[in-house]
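Have a look at the structure below before the remarks.
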Amino acid sequence: MSEVSKLTEELVEIPSHEDETEAGDYIEGWLRTETDGDVERDDVGNVIARKGDGDTTLALVGHHDVVAPASTQVDGDAYVVEERDGRLYGRGTADMKGSVAAAMLAFRDATPSCELVFASFVGEETGGVGATHAIEAGFAPDYAIVGEGSTDYSKPDVTDVVVAHKGGRGSTIRVKGRPAHASEPAAGENAIYRASEAIGLVRDLPQPSVELYDETLTGTAVVTQIRDGGNASNVIPDACTLTIDERTVPGERVDLGRVTSLDGVEWTVDYDGPPMRCDDEAFAEAVLDVATDVQDGSPELTTKPHVTDAGRLAQAGVTCVVCGASEPGEAHTETESASVEVLERCYRIYRESASRL
-10 MSEVSKLTEE LVEIPSHEDE TEAGDYIEGW LRTETDGDVE RDDVGNVIAR
40 KGDGDTTLAL VGHHDVVAPA STQVDGDAYV VEERDGRLYG RGTADMKGSV
90 AAAMLAFRDA TPSCELVFAS FVGEETGGVG ATHAIEAGFA PDYAIVGEGS
140 TDYSKPDVTD VVVAHKGGRG STIRVKGRPA HASEPAAGEN AIYRASEAIG
190 LVRDLPQPSV ELYDETLTGT AVVTQIRDGG NASNVIPDAC TLTIDERTVP
240 GERVDLGRVT SLDGVEWTVD YDGPPMRCDD EAFAEAVLDV ATDVQDGSPE
290 LTTKPHVTDA GRLAQAGVTC VVCGASEPGE AHTETESASV EVLERCYRIY
340 RESASRL
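Taking our numbering, the leading residue of the sequence shown gets -10, the next gets one more, and so forth.
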């Protein structure tokens, strides 16, 4: 078994969907034992290590929390992890303890041409809690390779370099009306009817798009839930609530604030995961050159639809790309898995990027 496979298995076995403490303990202990880096654990549980020096800082970034496992992915107090047919199966293999393991080994083995940072955050799956805390505490590398999925994006069996991704914003539209007996509808204000106006406005708002690296990213805003719309069959409803799922693109937003021009309508943002765009094409090309050298295929600069901590880092001024083992359709599934060959490839990409920057 390869070293990256073994380390991935050990990380994946540790439950971290409700409490990341034990996984953070393992990562911290391994870094202190196996590397010559300066290791710290911050107040929320992020694990950050540094080594090397120079005017430039490169960070290898991941997260060690996962979404809740399926029943088949748990055995007692541990997660199930299995290797078969050249793949590791288990919750977190793809998203993203496999890439975290590759980054840990790369941090240990690299001879960096700059200051090299390893960072594994908590709370990525619950709104970017760890990354947000680190940024507010001053985490500000010049460059970052975020190890979220970029494999098989342009074509099968290649690990690409993602230079932009969409953001995600969740909103609530609350609509107020005035109750009345349903036999006298004109005596009240029907909140469901007002909500229907808001739905129509959201549906007809222009969808933003942006051209990036010869690709087009298009934003969306969709009504995904209607609730609290009436409490009796013979009463004009006085309230209705809508949930909006929005996928944002760099530099553009759907103008959802326009719904507040309607009577009785309020709009609030519940969470906002920012999009990412690499602001330094030379850095993106340098990582692509490394990715090309360490694999047989021909990787490309590409985009992805998913929110990652790269968006939060980019918003804070960090130049980011995304490069990691997860393939489309693997994360958050009952059959989640990652290719051992690709995990080893990611290790080489991270190690060589640190050496060449």
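For each residue, glycine too, the CB sits at the ideal point set by N, CA and C.
- L251: not part of any beta strand (DSSP E); DSSP gives it neither H nor E.
- Our two residues, S198 and E241, have alpha carbons roughly 7 Å apart in a direct line.
- Around the Cβ of S(-9), a 10 Å sphere holds fewer than 16 other Cβ atoms; the residue is exposed.
- Under the three-state reduction of DSSP output, D278 falls in the helix class.
- In this structure, DSSP gives K86 a helical state, which the three-state scheme calls helix.
- The Cβ atoms of V254 and V164 lie closer than 8 Å to each other.
- Selection D234, R236, G218 evaluated against A228 yields G218 as nearest (Cα-Cα).
- DSSP lists L77 as the beta-bridge partner residues of A327.
- In this structure, T148 places its C-beta atom within 8 Å of the C-beta atom of R334.
- Closest in alpha carbon position to L290, among D259, T140, E11, I37, is T140.
- The continuous stretches of beta strand (DSSP E) do not include V307, and DSSP gives it neither H nor E.
- Within the same chain, and ignoring the five residues on either side of Q196 in sequence, the residues whose Cβ sits closer than 8 Å to its Cβ are T207, G208, T209, A210, V243.
- Taking a contact to require three or more Cβ pairs closer than 8 Å, the stretch 291 to 311 and the stretch 162 to 176 do not qualify as touching.
- Taken atom to atom, the span from the alpha-carbon of D27 to that of C103 is near 15 Å.
- Within the same chain, Cβ atoms closer than 7 Å to the Cβ of D259 are found at G159, S160, T161, the five residues on either side in sequence being excluded.
- DSSP places T45 in the coil class of the three-state scheme, outside both helix and strand.
- In the DSSP assignment, L201 is bridged to E204.
- Taking a contact as a CB-CB distance under 8 Å, the pair E186 and L251 counts as one, their CB atoms being some 6 Å apart.
- Following the DSSP letters along the chain, one finds S109 in no alpha helix (DSSP H) but inside the beta strand (DSSP E) bounded by residues 104 to 110.
- The residues V151, H154, in chain order, have a CB closer than 6 Å to that of K293 in the same chain once the five nearest residues on each side in sequence are set aside.
- According to the DSSP secondary-structure assignment, M265 is paired through a beta bridge with H154.
- G189 and I225 have their C-alpha atoms spaced approximately 21 Å apart.
- Nearest neighbour of A90 by Cα position, chosen from T257, T322, L20, turns out to be L20.
- Unbroken beta strand (DSSP E) stretches of 3 residues or longer found wholly inside the stretch 124 to 176: 132 to 135, 150 to 154, 156 to 165, given in chain order.
- Residue burial is scored here from C-beta neighbours: R236 has at least 16 other C-beta atoms within 10 angstroms and is therefore classed as buried.
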